[in-house]
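Following: one structure in structure tokens, then a few remarks.
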Amino acid sequence: MKTIIELKNATVQVNNGFDAFKTILDDVSLDIYEHDFITILGGNGAGKSTLFNVIAGTLMLTSGSIHILGEDVTDLPAEKRAKYLARVFQDPKMGTAPRMTVAENLLVAKFRGEKRGLRPRQIHLYTEEFQTLISKIGNGIENHLETPTELLSGGQRQALSLLMATVKRPELLLLDEHTAALDPKTSVSLMNLTDELVRQQALTALMITHHMEDALKYGNRLIVMKDGKIIQDLTADEKAKMVLSDYYSLFE
């Protein structure tokens, strides 16, 4: 089984002021395998976002190591890891450039992690491809290929962020509570699209969620975090035997 991410004894300590240090990721070891779709649950301050930041390279480890596809990236910054990873944030505004059109945003995402010299963008070459892509969403965005993203609804913008994250297939897709800022109906629609993309592209994905129902429904593994540690790592079979009340009991 191909290992995409390997965390060994990953620890992050931050200065809390007055020379006091707080451990926000505590000796975490985790292997993420190809085609895993892992949902992550945990209360506030459990270490979920810290785990994502460590993998993405926006937060460096105090000790421990991280490998991506066997390469030691422990000391590599985020831009050096961009060729492997794509991330969708909680805030729909985070993943898109507001004054650029939908097509322009998709063009940038299509060449994520690649070296770009100064050359004509030739966006017209990709118009048909991008129109086909957005037409699959079904939330009205198909009429807005040439619309600046700042004029889209939150749901449309988040769906675009998801498409941008997957238009060039990433080795690992990080979903950082990507439905949390949406209304319930739009959230369900985006989760259906997420599951469809993960299945169609055979993606490896890691998803933070506060929705117990989504943790129960989606993914082949469930990780529960508390106080910077992984306290549960459940398989698909173990998940299948659980009901909603079992999930709530994990936090007691």
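The opening position of the sequence shown corresponds to residue 92 in our numbering, with each subsequent residue numbered one higher.
All C-beta atoms in this analysis are idealised placements derived from N, C-alpha and C, irrespective of residue type, glycine included.
Opposite Ile131 in the DSSP bridges: which residues? Residue pairing by DSSP puts Ile131 in a beta bridge opposite Ile299 and Ile314.
Can you give me the Cβ contacts of Asn107 inside the same chain, cut-off strictly under 7 Å, excluding the 5 residues immediately before and after it? Scanning its chain for C-beta atoms nearer than 7 Å, with the 5 sequence neighbours on each side dropped, one finds around Asn107 the residues Lys113, in chain order.
Buried or exposed: His269, going by 16 or more other Cβ atoms within 10 Å of its Cβ? Buried, by the Cβ-count rule.
Reference Leu198; option with closest CA among Pro183, Lys259, Met303 and Ser226: Nearest of Pro183, Lys259, Met303 and Ser226 to Leu198, Cα basis: Lys259.
Here's a check: name, in chain order, each residue in its chain whose Cβ is nearer than 8 Å to the Cβ of Thr141, leaving out the five neighbours to either side. Around Thr141: Val103, Ile115, Leu116, Leu150 and Gly319.
Status (buried if at least 16 other CB within 10 Å, exposed otherwise) for Arg48: The chain is shown from 92 up to 343; residue 48 falls before or after that span and cannot be answered.
If you draw a straight line from the C-alpha of Gly253 to the C-alpha of Val179, how long is it? With the sequence shown as reference, residue 253 is identified as Leu, and Gly is not the correct amino acid for it. Distance between the alpha carbons of Leu253 and Val179 is about 6 Å.
Unbroken stretches of the alpha helix (DSSP H), 4 residues or longer, contained in the region 222-297: Contiguous alpha helix (DSSP H) elements confined to the region 222-297 occur at 245-257 and 275-291, taking only those with 4 or more residues.
Three-state class that DSSP yields for Glu162 in the structure shown: Under the three-state reduction of DSSP output, Glu162 falls in the strand class.
Got a sec? Which residues, its chain only, sit under 8 Å from Gln181 by beta carbon, not counting five neighbours each side? These residues qualify, in order along the chain: Asp267, Glu268, His269, Ala271 and Ala272.
Quick check on the DSSP output: the beta strand (DSSP E) that includes Glu97 runs from which residue to which? For Glu97, the enclosing beta strand (DSSP E) has its first and last residue at Thr94 to Asn106.
Taking Ile225 and Leu236 to be in contact with their CB atoms under 8 Å, please state how far apart those CB atoms are, rounded to whole angstroms. About 6 Å; that satisfies the 8 Å criterion.
Going by beta carbon distance, what residues of the same chain come within less than 7 Å of Thr165, once the five residues before and after it are set aside? Excluding sequence neighbours, Thr165 sits near Leu152, Ser156 and Ile157.
If I measure Cβ to Cβ from Gln249 and keep anything under 7 Å in the same chain, skipping five residues before and after, which residues do I get? Same-chain partners within the cutoff: Pro183, His269, Leu273 and Leu281.
Looking at C-alpha atoms only, which residue of Ser244, Pro275, Thr192 and Leu176 is the closest neighbour of Ala256? Nearest in C-alpha terms to Ala256, of all of Ser244, Pro275, Thr192 and Leu176, is Leu176.
Using the rule of at least 16 other Cβ atoms within 10 Å of the residue's Cβ for burial, across every protein chain shown, is Arg172 buried or exposed? When all chains shown are included, Arg172 counts as buried.
I think Asn230 touches Gln247, with their Cβ atoms under 8 Å apart; what is that distance to the nearest whole Å? Contact annotation, Asn230 with Gln247: C-beta distance approximately 6 Å; criterion of less than 8 Å satisfied.
Exposure label - Lys332; buried when at least 16 CB within 10 Å: Under this definition Lys332 is an exposed residue.
So, is the C-beta of Ser244 closer than 9 Å to a C-beta in chain C? In the displayed structure, chain C is absent; only one protein chain is listed.
If you compare alpha carbons, which of Ala101, Glu241, Asp127 and Leu341 is closest to Met185? Distances from the alpha-carbon of Met185 to those of Ala101, Glu241, Asp127 and Leu341 put Glu241 closest.
Would DSSP call Thr114 helix, strand or coil? DSSP places Thr114 within a strand segment (E or B) once states are collapsed to three.
Work out the CA separation of Ile146 and Asn100 for me, nearest whole Å. Taking the straight line joining both Cα atoms gives about 13 Å.
Between Ala194, Leu243 and Arg203, which lies nearest to Lys174 when the distance is taken from Cα to Cα? Distance from the Cα of Lys174 is smallest, within the candidate group Ala194, Leu243 and Arg203, for Arg203.
Taking the alpha helix (DSSP H) that Lys174 belongs to, which residues open and close that run? Per DSSP, Lys174 belongs to no alpha helix (DSSP H) and is neither H nor E.
Between which two residues does the alpha helix (DSSP H) containing Ile321 stretch? No alpha helix (DSSP H) contains Ile321, which is instead part of the beta strand (DSSP E) from Lys320 to Leu325.
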